[in-house]
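Student: Residue numbers (this note's numbering), protein chains in the order written: chain A, 4 to 185; chain B, 16 to 147.
In this text, a Cβ means the ideal position worked out from N, Cα and C, and glycines have one as well.
Predicted model, so just to flag it, every value in this text is computed and none were measured.
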């Protein structure tokens, strides 16, 4: 993420209509990113100027994921004792789990979650659509749980073992039918 | 899970205060609502008995924190256990325990406290990470 923020020094058009960003990191290396119409598409973090090959990696395409990662990064910058009760900032384990959920989930169009820090080093991702809300609790040790709430009903909760299960929870959130989660 | 006993010296009518970080309040809602995340913590949720402290004492070193309030009796009605845990900094300190591992509150308790807690000291952040 830090390197992507540095992609400012040059930009120009690509033949396919996107935009190339190039940042000079040192006299020997530069970083390149290609932005397509839907957002940052591919990036090569560091490429030697002479004789080097770009290691292209796909990065976030969906706007909701880009927004989510931006929100997450702001929360990750919290200091020690941010909660006034002695909590550490979100742990690397929790942060990486949150990023993995956001990048691996195979959903192109969705709402960006609210990102909430938890005392003890965890994170919480929250979505609300109408009377339904979905929370993903990512604890400091990487434990992942969900909570689904529908007004007029008792909340339901459980542990998530496979990130694919999150997709089902998204479908529940969007569906007007009876809750299928948990 | 260790057996915890409710401290009966904390009356049901006692108001309990918790400092809450600005990122744990949903400022985009009108009125703002405290997130369940503010109570989703292991090893007991720290609160203070309002009648045994003051807002000034509670927030004197934490000017950016908001304060939310709920009643002890309401927390107990959700199944929470309340135990005094006085500290040198806060003799009115209490821990709120839930039934899950490491004393975490369950979703019903988290949702109940989130819906019921009142923001009595509101400190919006200069920049809300969840408002683009």
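Strictly under 8 Å for the Cβ-Cβ distance: is residue 43(A) near chain B by that measure?
Tutor: Any reading at residue 43(A) needs caution, since the residue's pLDDT is 48, under 50, leaving its predicted position unreliable; the model's value is listed next. Answer no: the Cβ-Cβ gap between residue 43(A) and chain B never drops below 8 Å.
Student: Going along the chain, which unbroken runs of the alpha helix (DSSP H) with 4 or more residues stay wholly within the region 41-105 of chain B?
Tutor: Here the runs fully enclosed are 70-74 and 87-92.
Student: Given that residue 123(B) touches chain A, what residues does it touch there, using C-beta distances under 8 Å?
Tutor: Neighbours of residue 123(B) on chain A, chain order: 157 and 158.
Student: Confirm, please, whether the CB-CB distance from residue 128(B) to residue 85(B) is below 8 Å.
Tutor: Yes, they are a contact pair.
Student: Distance, Cα to Cα, residue 122(B) vs residue 116(A)?
Tutor: Whole-angstrom Cα-Cα distance: 18 Å.
Student: Exposed or buried, what is residue 34(B) when buried is set at 16 or more other beta-carbons lying within 10 Å of its beta-carbon?
Tutor: Flag for residue 34(B) reads buried.
Student: Look at the Cβ atom of residue 139(A), then the Cβ atom of residue 169(A), and state whether they are nearer than 8 Å.
Tutor: Contact flag set, yes.
Student: Let me make sure I understand the geometry here. Which of 66(A), 174(A), 96(A) and 87(A) has the alpha-carbon closest to that of residue 136(A)?
Tutor: Closest option to residue 136(A), Cα to Cα, is 174(A).
Student: Hey, does residue 5(A) have any beta-carbon neighbour from chain B nearer than 8 Å?
Tutor: Summary for residue 5(A): the model assigns pLDDT 37, below 50, so the residue's position carries little reliability; its value from the coordinates is reported in the next sentence. Chain B, which has no Cβ nearer than 8 Å to the Cβ of residue 5(A), makes this no.
Student: Between which two residues does the alpha helix (DSSP H) containing residue 103(A) stretch?
Tutor: Where residue 103(A) is concerned, the enclosing alpha helix (DSSP H) stretches over 95-107.
Student: Alpha carbon to alpha carbon, what distance is there between residue 114(A) and residue 130(A)?
Tutor: Approximately 7 Å, taken between the alpha carbons.
Student: Check the Cβ-Cβ distances between residue 47(B) and every residue of chain A, and say whether any is below 8 Å.
Tutor: Not closer than 8 Å to any Cβ of chain A, the Cβ of residue 47(B) fails to qualify, so no.
Student: With DSSP run on the structure shown, which of helix, strand or coil describes residue 144(B)?
Tutor: Of the three classes helix, strand and coil, the one that applies to residue 144(B) here is coil, per DSSP.
Student: For a test of the three-state rule: what should DSSP assign to residue 66(A), helix, strand or coil?
Tutor: Three-state DSSP puts residue 66(A) in a helix.
Student: Can you round the beta-carbon distance between residue 143(B) and residue 42(B) to whole angstroms, since I take them to be within the 8 Å contact cut?
Tutor: About 5 Å; that satisfies the 8 Å criterion.
Student: Once the 5 residues before and after residue 91(A) are set aside, which same chain residues still bring their CB inside 7 Å of it?
Tutor: Closer than 7 Å at Cβ, skipping near neighbours: 83 and 124.
Student: Which one of 138(B), 124(B) and 103(B) has the shortest CA to CA distance from residue 82(B)?
Tutor: Nearest option by C-alpha distance: 138(B).
Student: Listed in chain order, which residues of the region 130-153 of chain A have Cβ atoms closer than 7 Å to some Cβ of chain B?
Tutor: Going along the region 130-153 of chain A in chain order, one finds 138, 140, 150 and 152 with a Cβ nearer than 7 Å to chain B.
Student: When the cut-off is 8 Å and only beta carbons count, does residue 34(B) lie next to chain D?
Tutor: The structure shown has no chain D; the protein chains it does contain are A and B.
Student: What is the rounded straight-line gap between the Cα of residue 146(B) and the Cα of residue 112(A)?
Tutor: Rounded to whole angstroms, residue 146(B) to residue 112(A) spans 19 Å at the Cα level.
Student: Does any residue of chain A bring its CB to less than 8 Å from the CB of residue 98(B)?
Tutor: False, the Cβ-Cβ gap to chain A never drops below 8 Å.
Student: Which residue wins for smallest C-alpha separation from residue 66(B), given the options 125(B), 124(B) and 32(B)?
Tutor: Selected option, being the one with the closest Cα: 32(B).
Student: Quick one, are the C-beta atoms of residue 81(A) and residue 132(A) less than 8 Å apart?
Tutor: For residue 81(A) and residue 132(A), no; Cβs fall outside 8 Å.
Student: Closer than 8 Å, CB to CB, is residue 128(B) near chain A or not?
Tutor: By this cut-off, residue 128(B) is not an interface position.
Student: What is the DSSP secondary structure of residue 161(A), reduced to helix, strand or coil?
Tutor: Of the three classes helix, strand and coil, the one that applies to residue 161(A) here is strand, per DSSP.
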